[in-house]
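Following: one structure in structure tokens, then a few remarks.
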Amino acid sequence: MKNALAAIWAAATARRRDPTVGELTTGMQAGIADSRLFNELLYRASGMEAELVHLLVYAMANAAGRAALDNGLPLGAAPSEANLQQVRKALQAMFVEKAVGASTEKAPKLSGIVATGLAAVTSIPTSVATILPYPATDQSNLSTSTWDGTTLTVGAGEAGLWLVSASVHFALASAGAYSSVGIYRNGLEIALGASQSGNAGDAASPSTATIIKCNAGDTLAAYAYQQTGSTKNTSGTTRTRFAAFLISSY
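Per UniProt numbering, the very first residue in the sequence shown carries number 1; after that it's consecutive.
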């Protein structure tokens, strides 16, 4: 487009003309409008406007034709409200970048994963950080990134800022016992959420969330930790959750 504007500007000089004496007398007031530079700019701008309108109309017509063909509508078909609406929706999808088949047009379909520990009971030894599995996938919008039930690996083209959250629900806790859940990037802790039970038998549900800058090849995982003095199990419910979504480039 930048090169096209330069070409249009150069071509517009052929349509330039200086104002006549009558125009200066009756159509324009004295001042900047009398200058040759002003009129040079004025006529070039008017020439560019016509060319730009032509380019925009041509681009829209070309996009509409592509949208029609992509939706199985022959270009020779008689126009109707139904097929015009079909083309309009296809154009909207092209320019708004709405994902085909998405649940709504009101929100983007971000690359990411939502998984839970449903039916997965994990034994957490006391005072040992233990990587958590989240084998039940609620929703996967992953593109080049991959998820193996435990670890998310950021794929090519998906480096950016990732919003990551993790939680764990312990089925049994001891009075005053400390428990936590954390997030690792490449094996290093970058987020931590902790809780402390008040009474014997209380459940503990620590959680954490953070925004993490990730490069392609980085790994994300969650771990659980507890200090009850004995091994404790997580509950195999959807309260043990992991989610990670690419929300921005950097």
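Backbone N, C-alpha and C define an ideal beta-carbon position, used for all residues, glycine too.
Keep in mind that this is a model prediction, so the values were computed, not measured.
- Between the segment 232-247 and the segment 156-176 there are three or more C-beta pairs closer than 8 angstroms, enough to call the two in contact.
- Judged by pairs of C-beta atoms under 8 angstroms, the segment 114-128 does not touch the segment 185-199, as fewer than three such pairs exist.
- Distance from the CA atom of PRO125 to the CA atom of LYS232, rounded to whole angstroms, is 6 angstroms.
- Excluding five sequence positions before and after SER145, the CB atoms of its chain that fall closer than 7 angstroms to its own CB belong to SER111, LEU152, THR153, VAL154, GLY155, GLU158, given in chain order.
- Counting along the chain, TYR225 sits inside the beta strand (DSSP E) bounded by residues 219-226.
- Between THR234 and PHE170, the beta carbon gap of about 6 angstroms places them in contact (Cβ cut-off 8 angstroms).
- DSSP places VAL53 in the helix class (H, G or I) of the three-state scheme.
- In the structure shown, ALA59 adopts helical secondary structure according to DSSP, grouped into three states.
- Shortest Cα-Cα distance from ARG241 to any of TYR134, ALA194, GLY182 involves TYR134.
- When the beta-carbon positions are compared, THR208 and VAL181 come within less than 8 angstroms of each other.
- By the Cβ-count criterion, TYR223 is buried, with 16 or more other Cβ atoms from all chains shown falling within 10 Å of its own Cβ.
- Contact check for THR150 against ALA221 passes: the beta carbons are separated by less than 8 angstroms.
- A straight line joining the alpha-carbon of LEU132 with that of ALA107 spans about 30 angstroms.
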